Structure formats: C-alpha cells, structure tokens
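Structure record follows, encoded as structure tokens.
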Amino acid sequence: MAYSVLAFSHESMNQIDSTLYYYYKKLSLVDKPIDIIKNKYFIARIYDNNYDYNEALRQYSQIIDLAKKEKNDTVVEDMKFSIELLKTKVGLNRDGLSKEAFNYLKETYLKQKNSNNIILLRYNRKSLIEVYLNENDITEAIRLINEGIEEANHKKNVLFLYYMYDYRSKSYLKLKDLNSAEKDANLAMEYALQLKNEVFKNEINYRLADIAFEKKQYKEALNNLKKILNNKKSSKSALQSSKYYKLTANVYKNLDSIRLSNTFYSQYMDAREKATQEYLSAIQSIHDITLKEELSDIQNTYEEELLGEISEKEKYKKTKWLWVFISAILLLFMVGVFMFYRQKAIKNQSRFEDLMIKIRAFEQRKAEENKPVLEHKKQIEPVLEEEPIESRQVLENTEVKALSSSPKAEEAEATYVIDDKKVEEILIKLQKLEEKQYYLRQDCTLHNMAKKLKTNTSYLSKIINTHLDKSFSTYINELRINYAILELKNNKRLRSYSVKGIAGEMGYKNADAFSRYFRDATGITPSVYIKKIQEI
1 MAYSVLAFSH ESMNQIDSTL YYYYKKLSLV DKPIDIIKNK YFIARIYDNN YDYNEALRQY
61 SQIIDLAKKE KNDTVVEDMK FSIELLKTKV GLNRDGLSKE AFNYLKETYL KQKNSNNIIL
121 LRYNRKSLIE VYLNENDITE AIRLINEGIE EANHKKNVLF LYYMYDYRSK SYLKLKDLNS
181 AEKDANLAME YALQLKNEVF KNEINYRLAD IAFEKKQYKE ALNNLKKILN NKKSSKSALQ
241 SSKYYKLTAN VYKNLDSIRL SNTFYSQYMD AREKATQEYL SAIQSIHDIT LKEELSDIQN
301 TYEEELLGEI SEKEKYKKTK WLWVFISAIL LLFMVGVFMF YRQKAIKNQS RFEDLMIKIR
361 AFEQRKAEEN KPVLEHKKQI EPVLEEEPIE SRQVLENTEV KALSSSPKAE EAEATYVIDD
421 KKVEEILIKL QKLEEKQYYL RQDCTLHNMA KKLKTNTSYL SKIINTHLDK SFSTYINELR
481 INYAILELKN NKRLRSYSVK GIAGEMGYKN ADAFSRYFRD ATGITPSVYI KKIQEI
C-alpha cells in the first residue's frame, strides 16, 4: 500500500522515473495474478500518458496474455479497449473511436458510477471526455467535465481538478469562447502549481499562448511560450515540442520576425519527424499485437478441433496448417521488408525533388543577379593575398539556404568589444575567401582562417556567431555542402568519384563526416543524391 501511495504522489508531480520506480517495486512484491495485472495496468497507463506508446503496448500485451491464462475475459476486453484508445491517439482510427469501443467505454463508465471504485471512475470519465473532445462533441464533454469538477471538489482531489479545468479550457477554446477558456486555464495553472508539476505548467502556458494568439495578442503569446522553452526542469516529448515550436514560429511570423519564425519552424519540422517515427513504431507494435491475437484465435480453434480428432488425417492437417502459418508469416515478413524499402525510396525521392526545387530557384536567382550591373557601382579592392587552390568550377558566393537545424553558438574564449569598422573589414575578407573557395581546403580551420584574416580565433568566432548567426564549424560545413550539392548536379566527372574522393574534394578528411553533414542538410545520402541526378 505504501508504494502505491508514493507512486501516486510522484505521479501527481509528473516525476515519471520515481512513479515507475515505486510501481515496479510494488509489482515485485505481489504474487497473485490479479494484483500483477492491476500493477501492470498502472504502469502501462503511466507510459501511455507520457507518449511512450511502445512500452505501454508491451505492458498491455503482457496483461492480455496473463488474463487469458487466468480466463479473465473482463480484463482482456479492458486491455483491448485501452489499445483502441491508443490507436486513436496515433491516428490509426481516422474516423474516431469505433462504435463498439465507444459503447463499451460508456457502459464501463456507468458501471463504475454504481461501484465504490472512485479511482477507476475518474480515469474512465477522463477517457470519455477525451473521446468527446476528439470527436468535437463539446456539449457532452462539458457535461462530464462539470460532473468531474463537482466530484473532485468534494474529494479535494487536486490532480483531477487540474485535469477537469484543463479540459474545460480546451472545450471553450474549441467554441471560441476565449475569455472563458482563459479563465479556466488560469484555474488549471493554480492546481498545476500546487502539484509542482512542470509538464502541467507547460501545457497550460501553451493553452494561454494559444488563446492569446487567437486574440492577436502576439507578445503575450510569446511570453507564455518562452516560459515553456526556458523551462529546463521538465522533459518534453517530440509531440509536445512540435506543437510548442509550431506556435512559436507562427507568433514570430505575425510579429514580422521572419528569421526567428523560420528557425522555430525548422525545429518544429525536426520534432514532428521524430514524433512521426515514434508513431510509426507504435503502429507497428499495434499490428504485431493484432496479428498475435488473430493467430492466437486461429491456434485455439485449431487445437479444439484436434481434441476430438486423433487420426492420421488430422495430424496431416495439423502439419499442413503449420506450414500455412509459417508461409503466412514469411509472406508478411517479405511484404513488410518490401514496404519498408519502398517507403524509404519514396521518402528519398520526395526529399530529392524538394532539394531540386530549391536548387533551381537558387540558380534562377543567381542568373538574374549576374546580369550586367550599373557602371557606377563601387568595386571592393582586394583585401586578401591570393593563394593557390586546385582548379575547381567556381560557384557563386551567395549561400544556398542551409537545410540543417540551427547551430549552437561556439563558446568564445574571451569577451571582446566589437569594432564596427573592423567587423566590416573581416566580413569583406570572409566574402573574398568564399569567392576563392578557401573552405574547400582541408587545412581550413578556425586557427588558419584567423591567421589569414590577421585576427585571432576568439575575435573571428565572435564575429561569425554574431553576424552570421552560426558557429564557425557550421559556417564552413554549410559552404562545403552547398558547394557539393550544386557541383554534383553540374559536374559529371565529380559524380564518377567515390564518396571518399568527393569528400576530399570538398575539404573533408574522411567520407563519414562528409556523408553525415550531407544527410543532415538534405535528408538523403550523397550516393542517393548522385543516383537520382544520373536518373534525370
């Protein structure tokens, strides 16, 4: 009992590691099947609520296996329903919860209202509210929420008071009743603060930001989002991060801060891709469980037939069905492998086409920029001594927009007062070095470049961080990869090189580093890119 209380206490503060520790501790002490099932369900629910769908599914599957051994059909149906709810979360039930599952949930809820199990009643009510909200049945959702608020107030249950006001705020937001949504969000925040739950605080700050955005109060929305992004006390799932970054990007867009909007939109895309991969992994686990259940039903039916049939003919049938089963598994495996590589090829093709659109737009823009300029345009005097470099086809000095995520600033060795005139001089020299393709040399390091520019490494690093908004290593890698993208497209001879040879031409000392940076920037490997170019 003590471990359950400790687990629930830590759960209310969203201290997931501690919560799971005490639930697993309790699980290790019980030996009755029904107690094992109950504790495993609590563990599965924690994983489910925190977006670890694979682990939640693993626990649900184990509970189903144990319940079948105990011939506990009620638990089996409960777990299958939990899996149905999870399928809705990952997008498998596009039309919402099935009618059978929805009726099962309502019937279970009504049964719990007539029982003494308050905990299960609360969680069933919570699940039913989520279904109503997902299906935009706001009237029924608010009816259950008000019922939940009354019960939670009576029992002084702070955790479920948070849930209910959070859901009601979400309901009012769907109805565009922004003032009521804001009022309930602030009430939910009070309970989140009482619980000292950082995840809850993040969610309510996001809700308040969303409401402020709808009111076109963009600075207020940004203040709430910064509270989330600056909160280092809580971890954020890929799904949560994606929605935080997306709203932040939209806020900056409406504040006319396009650079910051693009930065956060890029982070949103990265987080969304990670969340998608987690969803796909969960979907595969669901399919595995479904297949396991179907095969289990087939096997049980077949075994029942064997009980009354002991002839050689039935033994032959058993062998036949076994081979059918093995063949089916092999076929499914082969189809799975085929679909995996097919999806991979489709994704590579899509990324390649997106990249080609950007390249063509860049080349068209550069062609227009290279038309004859006005006679009176000032010419900048050479600021660097020429140094020999291997003959290469010269790219324009303007950067192709980098596709990789925003870099972390390199830590400066010391703090300097930046002189504007000196900065301009160094930036002009950097431009000249780009024109000479100095970045393609393998000895192009921060030290050597600083020496070439007649400055020191800390000063140069500070200027690049401040005025180019990136670290030195990111700056050099972007130049190299952008050059490689265009050069491989236009230079047939270079495409005939090995990846190692191409890496050397781009200034890299090994092929792995080049391939890694190329994939980070484009989403595809150099080999795939070359193959797609040659197919054009």
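Each residue of the sequence shown is one higher than the last, beginning at 1 in UniProt numbering. All residues carry an ideal CB built from backbone N, CA and C; glycine is no exception. Fair warning: this is a prediction, and the values are worked out from it, not measured in the lab.
Ala503 to Asn231 span [Cα, whole Å]: Within the sequence shown, numbered from 1, the residue matching residue 503 stands at position 503. Within the sequence shown, numbered from 1, the residue matching residue 231 stands at position 231. The straight-line gap from Cα to Cα measures roughly 40 Å.
Neighbourhood of Met13 by C-beta, 8 Å cutoff - its chain only, sequence neighbours within 5 removed: Taking the first residue of the sequence shown as 1, we reach residue 13 at position 13. Closer than 8 Å at the Cβ level, and outside the excluded window around Met13, lie Leu195, Lys196, Asn197.
Inter-residue Cα distance where the pair is Thr398 and Tyr268: Taking the sequence shown and counting its residues from 1, one reaches residue 398 at position 398. Taking the sequence shown and counting its residues from 1, one reaches residue 268 at position 268. Note that Thr398 has pLDDT 33, beneath the 50 cutoff, so the model's placement of it is unreliable and the number below is only indicative. Their Cα atoms are separated by approximately 26 Å.
For Ala212 and Asn205, the rounded distance between their alpha carbons: In the sequence shown, the residue the question calls residue 205 occupies position 205. In the sequence shown, the residue the question calls residue 212 occupies position 212. Taking the straight line joining both Cα atoms gives about 10 Å.
Leu85 - DSSP class collapsed to helix/strand/coil: Taking the sequence shown and counting its residues from 1, the one referred to as residue 85 is at position 85. Leu85 falls in the helix class under three-state DSSP.
Ile536 in three-state terms, based on DSSP: The sequence position of residue 536 within the sequence shown is 536, counting from 1. Residue state, collapsed to three classes: coil.
Where Glu411 falls: helix, strand or coil (DSSP): Working through the sequence shown from its first residue, we reach residue 411 at position 411. Note that Glu411 has pLDDT 41, beneath the 50 cutoff, so the model's placement of it is unreliable and no number is given.
Straight-line gap, Gln343 to Gly336 (C-alpha atoms, nearest Å): Numbered from its first residue, the sequence shown carries residue 343 at position 343. Numbered from its first residue, the sequence shown carries residue 336 at position 336. Taking the straight line from one Cα to the other gives about 10 Å.
Thr263 versus Phe81 - alpha carbon distance: Against the sequence shown, residue 263 aligns to sequence position 263. Against the sequence shown, residue 81 aligns to sequence position 81. About 41 Å.
Extent of the continuous alpha helix (DSSP H) to which Leu110 belongs: Taking the sequence shown and counting its residues from 1, the one referred to as residue 110 is at position 110. Note, Leu110: alpha helix (DSSP H), 99-113.
Runs of alpha helix (DSSP H) lying entirely within the region 201-229, each at least 4 residues, in chain order: 218-229
Where Asp115 falls, given that 16 or more other Cβ within 10 Å makes a residue buried: Position 115 of the sequence shown, counted from the start, is the residue given in the question as residue 115. Here residue 115 is Ser; the residue named in the question, Asp, does not match the sequence. By the 10 Å Cβ count, Ser115 comes out exposed.
Outcome for Tyr163 when other beta-carbon atoms lying within 10 angstroms are tallied against a minimum of 16: Locating residue 163 in the sequence shown gives position 163, where the first residue counts as 1. Buried is the call here.
Cβ shell of Glu140 (< 6 Å), same chain only, five flanking positions each side left out: Residue numbering aside, residue 140 sits at position 140 when the sequence shown is read from its first letter. Tyr132, listed in sequence order.
Nearest candidate by alpha-carbon position, reference Asn465, set Phe102, Leu433, Val423: Locating residue 465 in the sequence shown gives position 465, counting from the first residue. Taking each of Phe102, Leu433, Val423 in turn and checking the Cα distance to Asn465, the smallest one comes out for Val423.
Option nearest Asn136 by Cα separation, candidates Asp65, Ser234, Lys170: Taking the first residue of the sequence shown as 1, we reach residue 136 at position 136. Here the closest residue by C-alpha is Lys170.
Per-residue DSSP class, three states only, for Tyr3: Locating residue 3 in the sequence shown gives position 3, where the first residue counts as 1. Helix at Tyr3.
Nearest-angstrom beta carbon gap, Leu460 and Leu468 [assumed within contact, 8 Å]: On the sequence shown, position 468 is the one that residue 468 refers to. On the sequence shown, position 460 is the one that residue 460 refers to. Not really, about 11 Å apart at Cβ, beyond 8 Å.
Supposed close pair Asn39, Leu27 - CB separation, criterion 8 Å: For the purposes of this step, residue 39 is taken as the residue at position 39 of the sequence shown. For the purposes of this step, residue 27 is taken as the residue at position 27 of the sequence shown. Indeed they touch by this definition, with Cβ atoms about 4 Å apart.
Helix, strand or coil at Ile463 [DSSP, three-state]: To locate residue 463, count along the sequence shown from 1; it is residue 463. It is helical.
With 16 other Cβ atoms within 10 Å as the buried cut-off, status of Met189: The residue you call residue 189 lines up with position 189 of the sequence shown. Counting Cβ neighbours within 10 Å, Met189 comes out buried, since at least 16 surround it.
Pairwise C-alpha distance: Arg143 and Asn134: Here residue 134 corresponds to residue number 134 of the sequence shown, with the count starting at 1. Here residue 143 corresponds to residue number 143 of the sequence shown, with the count starting at 1. When rounded, the distance between both Cα atoms is 15 Å.
The region 507-519 touching the region 479-488, judged by at least three CB pairs closer than 8 Å: yes
Option in Leu330, Ser237, Arg360, Ile37 with minimal Cα separation from Tyr53: Here the question's residue 53 lines up with position 53 in the sequence shown. The shortest C-alpha separation from Tyr53 is found at Ser237.
Segments assigned alpha helix (DSSP H), at least 4 residues, entirely inside the UniProt domain "HTH araC/xylS-type" (424-532): 446-452, 457-467, 472-490, 492-495, 499-505, 511-522
Per-residue burial, residue 539 [other beta carbons within 10 Å of its own, 16 or more giving buried]: Nothing in the structure corresponds to residue 539, since the chain is present only between 1 and 536.
Among Thr74, Met506, Gln240, the one whose alpha carbon lies nearest that of Lys201: Taking the first residue of the sequence shown as position 1, residue 201 is located at position 201. Measuring from the Cα of Lys201, the nearest candidate turns out to be Gln240.
Residue range of the alpha helix (DSSP H) that includes Lys176: Here residue 176 is taken as the residue at index 176 of the sequence shown, counted from 1. For Lys176, there is no enclosing alpha helix (DSSP H), as DSSP gives it neither H nor E.
Cβ distance (whole Å) where Leu193 is taken to contact Ala209 below 8 Å: As a first step, residue 193 is located in the sequence shown; it is residue number 193 there, counting from the start. As a first step, residue 209 is located in the sequence shown; it is residue number 209 there, counting from the start. Approximately 17 Å separates the beta-carbon atoms of Leu193 and Ala209; this is outside 8 Å, ruling out the contact.
Closest residue to Leu486 among Lys509, Lys470, Thr522, Ser458 (Cα-Cα distance): For the purposes of this step, residue 486 is taken as residue 486 along the sequence shown, with counting starting at 1. Per the Cα distances, Thr522.
Of the residues Arg441, Leu332, Ile64, the one placed nearest Glu505, counting alpha carbons only: On the sequence shown, residue 505 is found 505 positions in, with the first residue counted as 1. For the residues Arg441, Leu332, Ile64, the minimum Cα distance to Glu505 belongs to Arg441.
Member of Lys489, Asn50, Ala513 whose CA lies at the smallest distance from the CA of Ala536: For the purposes of this step, residue 536 is taken as residue 536 along the sequence shown, with counting starting at 1. Sequence inspection shows Ile at residue 536; the Ala mentioned does not correspond to that position. It is Lys489.
Helix, strand or coil at Glu353 according to DSSP, with G and I counted as helix: In the sequence shown, residue 353 corresponds to position 353, counting from 1. Annotated three-state conformation of Glu353 is helix, per DSSP.
Local conformation of residue 584 per DSSP, three classes: This structure gives no information on residue 584, because the portion of the chain shown stretches from 1 to 536.
Segment limits, alpha helix (DSSP H) that includes residue 563: There is no way to answer for residue 563, as the model of the chain reaches only from 1 to 536.
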